[in-house]
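K.L.:
Throughout, my numbering is defined as the position within the sequence shown, counted from one, plus 78. We put the CB at the ideal spot given by N, CA and C, even for glycine. This structure is a prediction, so every number in the text was calculated from the model and none was measured.
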Amino acid sequence: MDIALEEEIFEPASPSSQYLNSSNLSLSVIAVLESEIPIEYEDSLPINLLKDVFVPINPRFSSIMVTGKKGTKKWKRVEVNYQDHIKIPIFPTQKPIEFYDECFSTYISNLATEKFPQNRPLWEIHVFKYPTSDAAGNIIFKLHHSLGDGYSLMGALLSCLQRVDNPSLPLTFPSRQKLNLNNSNKNKGYISNFKIVPRFFKGIVNTLYDFGWSTLKSTLIEDDRTAIHSGDDGVEFRSPVLVTKTFSLDSLKQIKANLNVTINDVITGIVIYGTRLYMEEVNKETCNGKCSALVLFNTRALGGSYKSVSDMIRPNSDMPWGNHFTFLPISLPKLTNNKSNNPLYFVQKAHRIIDRKRNSASIWLTSKLLDLLRKLRGPEGTARFIHGTLKNTSMALTNMIGPVEEMALANHPIKGLYFVVTGAPQSCSVTIVSYVDKLRIAIVVEKDFIDPNKLKSCIEYAYESIFKAAINSSKVEK
79 MDIALEEEIF EPASPSSQYL NSSNLSLSVI AVLESEIPIE YEDSLPINLL KDVFVPINPR
139 FSSIMVTGKK GTKKWKRVEV NYQDHIKIPI FPTQKPIEFY DECFSTYISN LATEKFPQNR
199 PLWEIHVFKY PTSDAAGNII FKLHHSLGDG YSLMGALLSC LQRVDNPSLP LTFPSRQKLN
259 LNNSNKNKGY ISNFKIVPRF FKGIVNTLYD FGWSTLKSTL IEDDRTAIHS GDDGVEFRSP
319 VLVTKTFSLD SLKQIKANLN VTINDVITGI VIYGTRLYME EVNKETCNGK CSALVLFNTR
379 ALGGSYKSVS DMIRPNSDMP WGNHFTFLPI SLPKLTNNKS NNPLYFVQKA HRIIDRKRNS
439 ASIWLTSKLL DLLRKLRGPE GTARFIHGTL KNTSMALTNM IGPVEEMALA NHPIKGLYFV
499 VTGAPQSCSV TIVSYVDKLR IAIVVEKDFI DPNKLKSCIE YAYESIFKAA INSSKVEK
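Printed below as a string of structure tokens:
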């Protein structure tokens, strides 16, 4: 035991922490760091890293969630036995890469459904020392979602990492700000003033429609049973299957520039198009069934990069630690003959949908609805509402921005990273993260229901089709 506590210390658990760790809903985040070199170090090294760097980041990493006399949940500080949190699986040595690929896949699949013991802090680190097709070794962080959302947990992980080129310099991130090409044209300023009023009323209409439909999706309207939505009860308790795919950011930027959209529009269009192609290939009768994706949004006023953890936990921080997210379902465009012959349609449609959501306050209203539900029904009632929202939609889609420089963990250069969210009652989930000059998507699917490699192949085909069409469209314009 390494942290000695003279008296019991309690901290109120935030509302989101309570309904993300409840009997109705329990979500975890698994982040995988792929080592460029074999993982070889003394057993004391990971313990020292945890003790000196990771655990001191936030009190929640040395706390358990307990229930008070009135049913209110709190974080209780406890002593941390680091040996309980470090897992190093053992497999036969001198085996071919394919053997360890299968071992790693099975290990991740089982890890996704394992429950955290509630008598110790809700995080683990797993060190997979064996080489796979993607890496010389893997470091796996599993953290319960009640500790924080993706933004918070990514900030915590980055606090443990250093730049490979110069460890004394901080990691940097791509700018989130969109370049406005019209700023220099002052003659058009008066035109934009005339657009304010209709845009305001359009925003009201969009808000009412989006919020109403989102509420109905959470309570009454369920997606059709299709090749990506089994609709079965208890999907969250079954071991899923994980596959990943890496794209070049440079090629995605080419598509972005040629179509005058964002990287987010491009990758969303690729995933949607690939998903519809998979649905058509597996079952043509249901390929155009009603299908929606639940998109997660960060509700912080995001700037250009992650804040330091010390800034996040500072009182009244504008980028606070914790779970600050909301969600909104979006309908997946259907695949018709005309649309399948024009793959750019799905990127353009994604651009219109996302741009429309920006002109809607439904995301804010959804977060307020969750607050109201918590007050009326408590954390368990709110958790049931979120569970119903997830179950009624076909897939979840979320993305994060990673650093532009290569990182290292304990002098082990990280060649790639990705993350997934587990424990959701859905048959399919797609998470996206950028790192250096690559963009990685991770696809988690219901085992024995969705063919992960076929879905991955369809998304690869969608990317190739969209890239080719975007380049050709640019040539035609010239």
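(1) Tell me V522's beta-bridge partners as DSSP assigns them.
(2) In three-state DSSP terms, what is R455?
(3) When you compare each of R430, T471, F424 to A548 by their alpha carbons, which one comes out closest?
(4) How would you write the range of the beta strand (DSSP E) that E358 sits in, first residue to last?
(5) Do E358 and C369 count as a contact pair if the criterion is CB distance below 9 Å?
(6) Is the separation between the beta-carbon of M62 and that of L249 shorter than 9 Å?
(7) Tell me the rounded alpha-carbon separation between V360 and K525.
(8) Secondary structure at S329, three-state DSSP: helix, strand or coil?
(9) Short check: CB of Y97 to CB of A461, under 9 Å?
(10) Helix, strand or coil: how does DSSP classify T471 here?
(11) Could you tell me the alpha carbon to alpha carbon distance between G459 and R452, rounded to whole angstroms?
(12) Where do the ends of the beta strand (DSSP E) carrying Y496 lie?
(13) My understanding is that T509 touches A520, with C-beta atoms under 8 Å, so please give their C-beta distance in whole angstroms.
(14) In angstroms with no decimal places, state the Cα-to-Cα distance between L200 and R316.
(15) Using the rule of at least 16 other Cβ atoms within 10 Å of the residue's Cβ for burial, across every protein chain shown, is L247 buried or exposed?
(16) Helix, strand or coil, according to DSSP, for H222 in the structure here?
(17) Which value, in whole angstroms, describes the spacing of the CA atoms of L374 and F405?
(18) Return helix, strand or coil for K152, following the three-state DSSP convention.
(19) Hey, out of K446, T210, S512, I168, whose CA is closest to D328's CA?
(20) Just to confirm, are N336 and S551 a CB contact at a threshold of 9 Å?
(21) Measure the alpha-carbon distance for V107 versus N531 and round it to whole angstroms.
(22) Can you give the Cα-Cα distance for S141 and F497, rounded to whole angstroms?
(23) Smallest Cα separation from M143: which of S100, S187, T171, A305?
(24) Determine the extent of the beta strand (DSSP E) in which P90 is found, giving its start and end residues.
(25) Rounded to the nearest angstrom, what separates T346 and L454 at their Cα positions?
(26) Which one of I479, K148, K469 has the shortest CA to CA distance from Y229?
(27) Would T500 and P252 qualify as a contact pair, given that the criterion is a beta-carbon distance under 9 Å?
(28) Within 10 Å of its beta-carbon, does F463 have 16 or more other beta-carbons around it, so buried, or fewer, so exposed?
(29) Closest by CA to K220, which one among L450, I333, V205, P209?
(30) Assuming K534 and T324 form a contact by the criterion Cβ under 8 Å, report the distance between their Cβ atoms to the nearest whole angstrom.
(31) What residue range does the alpha helix (DSSP H) around E176 cover?
(32) Just to confirm my understanding: we take I408, look at its own chain, exclude 5 residues before and 5 after, and list those with CB closer than 7 Å. What are they?
(33) So, at 6 Å on beta carbons, what are the nonlocal neighbours of L447 in its own chain, with the 5 sequence-adjacent residues on each side left out?
(34) By the three-class DSSP mapping on this structure, what secondary structure does N438 have?
(35) Determine, using beta carbons only, whether P116 and P209 come nearer to each other than 9 Å.
P.N.:
With the structure as the only source:
(1) V522 is bridged to L320, S507.
(2) The answer is helix: DSSP assigns R455 an H, G or I state.
(3) Cα-wise, what sits closest to A548 is F424.
(4) If you look at E358, you'll find it isn't in any beta strand (DSSP E); it sits in the alpha helix (DSSP H) that goes 341-360.
(5) No, the Cβ-Cβ distance between C369 and E358 is not below 9 Å.
(6) Any property of residue 62 remains undetermined from this structure, which presents the chain solely from 79 to 556.
(7) Separation of V360 and K525 (C-alpha to C-alpha, rounded to the nearest whole angstrom) is 15 Å.
(8) Three-state result, S329: helix.
(9) Y97 is a Cβ neighbour of A461, given a cutoff of 9 Å.
(10) Note: T471 maps to coil in three-state DSSP.
(11) Taking the Cα positions, G459 is about 7 Å away from R452.
(12) Residues 490-500.
(13) That pair is a contact at about 5 Å.
(14) About 21 Å.
(15) So L247 ends up on the exposed side.
(16) It is a strand residue.
(17) When rounded, the separation of the alpha-carbon atoms in L374 and F405 is 4 Å.
(18) Taken through DSSP and simplified to helix, strand or coil, K152 comes out as strand.
(19) Checking every option, the nearest Cα to that of D328 belongs to S512.
(20) Yes, the Cβ-Cβ distance between N336 and S551 is below 9 Å.
(21) A straight line joining the alpha-carbon of V107 with that of N531 spans about 22 Å.
(22) Distance between the alpha carbons of S141 and F497: 23 Å.
(23) Looking at the Cα atoms, S100 is the closest of the given residues.
(24) It spans 88-90 - the beta strand (DSSP E) in which P90 sits, taken as one unbroken run.
(25) Going by the C-alpha atoms only, they are around 36 Å apart.
(26) Here the closest residue by C-alpha is I479.
(27) No, they are not a contact pair.
(28) F463 should be labelled buried.
(29) That would be V205, whose Cα lies nearest to the Cα of K220.
(30) Rounded to the nearest angstrom, the Cβ distance from K534 to T324 is 11 Å, too far for a contact under 8 Å.
(31) Run containing E176: 175-191, per the alpha helix (DSSP H) assignment.
(32) For I408, where only same-chain residues beyond five positions count, the Cβ hits under 7 Å are S370, A371, V373, I431.
(33) In its own chain, leaving out the 5 sequence neighbours on each side, no residue places its CB closer than 6 Å to the CB of L447.
(34) Note that residue 438 is Ser in the sequence shown, not Asn. Secondary structure at S438: coil, using DSSP grouped into helix, strand and coil.
(35) In this structure, P209 lies closer than 9 Å to P116 by Cβ.
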